[in-house]
Amino acid sequence: MYILVLGGTGAMGNHLINILAEAGHQVYVTTRSDRINTHNITYLKGNAHESLFLERVLSERSYDCIVDFMVYNTPEFAQRHPLLLRSTSQYLFLSSARVYARSADRQITESSSRLLDICDDEEYLRTDDYALTKARQENMLFCAKTQNWTIIRPYITFSEIRLQLGVFEKEDWLYRALHGRPIVFSKDIAPHYTALTYGYDVAKGIAGLVGNPKALGETFHIVTAESHTWGEIAHLYVETLKETMGIVPELVMVDRCFFLNDDRAKFSVKYSRLFDYHYDNSKILRFVPDLKFKPTMEGLRDCLKIFMTQPSFRKIYTWSQANLDRDIGGYTPLSEWKTSHDKATYLFYRYMPYSVVNWVKEQRRKI
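Numbering (my numbering), first residue to last: 1234 to 1600.
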């Protein structure tokens, strides 16, 4: 099969393209950077958000399947999804298991209610928050003239390069631990259950749906059935660092996540991290019966150990470190920030009242 993967150079996408290539498929991957082609994998340099680039890619050959990892705003997806649907036999759209509302049921199934359908928070519904955006884009596929789509809903994935703690990436919490500062986490999120899933397993599930005509017009969440509290995960990270590196980071628990002080970021806490997630994954297992999910705590421990053999961080955000320091009365030396802009940003977020921070951010959005 000829398979086009849009935006497939992230952790999950890299797993997927290798799985597909090893299965003998010809895989074409859009990327904004220079990459070396390998066996059965061809990289197409360009910005897949740009219509001219996408149209050129789609005109060069026929694709049996398109897997779409791109993150679109709602108007952008409305404009391009008809083109994507008519350019392939199967369009796999990466949505999110964040679309689900807080469930009264013990386990969430693909037919469980979505936030977009039952939430009555008018302030939230006026936003294009990730969970709402994905649900609105799902609706466009539900209403499409053709039903040659398959919707994938992963939740939070982890890997050897991605380890989350609540709303924080490793660049927020692990970076602090390795620089001798406390890991900061919040009591409001800690007791809630999450379903962290190994990214490779999600990629295996996606690969198992590629080319399956029975998957057309169907929705799947590819998520482990295991659930653990964020507090359990935080302590696992601390114990793993202690066992493997001799590092004993201090874990400081504050009352509430600082994201709740942000007029927009608060929704990722209120409508995600403060929910309890327990998933029924029997549907994907019926379609991909050989799919196995790595045990969550074992996988997190292994991935953290592997990462620590050669630690490498992406961009460290000054605003995040400043807010974490603010929460505990801590301070990051300005010498850690390379530019004057970074130093000024750190001081602004560390010391300015939240009301001023939100006002400045809103003015920037209007520009």
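Beta carbons are placed, not taken as given, at the ideal position from N, Cα and C, and that holds for glycine.
Nearest residue (CA-CA) to residue i, options the options
| i | options | result |
| --- | --- | --- |
| phenylalanine 1540 | Asp1496, Val1521, Met1478, Tyr1579 | Met1478 |
| arginine 1547 | Arg1395, Ala1498, Tyr1261, Val1417 | Arg1395 |
| glutamate 1261 | Ile1250, Asn1445, Asp1267 | Before going further, note that residue 1261 is tyrosine rather than glutamate in the sequence given. It is Ile1250. |
| proline 1446 | Asn1381, Leu1239, Glu1476 | Asn1381 |
| tryptophan 1406 | Leu1358, Met1486, Ser1329, Phe1526 | Met1486 |
| tyrosine 1512 | Glu1595, Gln1340, Pro1522 | Gln1340 |
| leucine 1325 | Asn1306, Leu1239, Gln1397 | Leu1239 |
| valine 1590 | Pro1308, Phe1526, Gly1399, Asp1496 | Asp1496 |
| lysine 1499 | Asn1247, Gly1399, Ile1252 | Gly1399 |
| arginine 1506 | Glu1355, Ser1553, Ser1573, Val1332 | Val1332 |
| alanine 1440 | Leu1524, Leu1537, Leu1348 | Leu1524 |
Three-state secondary structure (DSSP) of residue i
| i | result |
| --- | --- |
| cysteine 1536 | helix |
| glutamate 1451 | strand |
| aspartate 1301 | strand |
| methionine 1234 | coil |
| threonine 1242 | coil |
| histidine 1412 | coil |
| lysine 1437 | helix |
| glutamine 1259 | strand |
| lysine 1278 | strand |
| glutamine 1380 | coil |
| phenylalanine 1546 | coil |
| histidine 1248 | helix |
| threonine 1551 | helix |
| threonine 1565 | coil |
Own chain, CB closer than 8 Å to residue i, minus 5 neighbours either side, in chain order
| i | result |
| --- | --- |
| leucine 1316 | Leu1287, Glu1288, Leu1291 |
| phenylalanine 1453 | Glu1343, Thr1383, Ile1384, Ile1385, Arg1386, Gly1438, Leu1442, Lys1516, Ile1517, Phe1520 |
| isoleucine 1351 | Ala1334 |
| threonine 1379 | Leu1318, Arg1319 |
| threonine 1390 | Ala1244, Met1245, Leu1429, Thr1430, Tyr1431, Gly1432, Val1435 |
| histidine 1272 | Ala1254 |
| glutamine 1259 | Met1234, Tyr1235, Ile1236, Asn1273, Thr1275 |
| glycine 1257 | Asn1273 |
Buried versus exposed, by CB contacts within 10 Å (16 or more), residue i
| i | result |
| --- | --- |
| asparagine 1280 | exposed |
| lysine 1403 | buried |
| serine 1501 | buried |
| asparagine 1270 | exposed |
| serine 1545 | exposed |
| tyrosine 1564 | exposed |
| valine 1300 | buried |
| glutamate 1371 | buried |
| phenylalanine 1302 | buried |
| threonine 1263 | buried |
| leucine 1285 | exposed |
Chain-order list of residues whose beta-carbon lies under 7 Å from that of residue i (same chain, five-residue window excluded)
| i | result |
| --- | --- |
| arginine 1489 | Ser1419, Asp1421 |
| threonine 1529 | Leu1429, Thr1457, Glu1459, His1461 |
| asparagine 1556 | Phe1491, Tyr1582 |
| alanine 1311 | Met1373 |
| aspartate 1267 | Lys1278 |
Own chain, CB closer than 6 Å to residue i, minus 5 neighbours either side, in chain order
| i | result |
| --- | --- |
| serine 1336 | Ser1345 |
| tyrosine 1388 | Ala1330, Ala1428, Val1456 |
Item to check | Validate contact between the stretch 1431-1438 and the stretch 1362-1370 using beta carbons, cut 8 Å, 3 pairs | outcome: no
Item to check | the stretch 1412-1428 in contact with the stretch 1458-1469 per 3-pair CB rule at 8 Å | outcome: yes
Item to check | Validate contact between the stretch 1406-1415 and the stretch 1546-1562 using beta carbons, cut 8 Å, 3 pairs | outcome: yes
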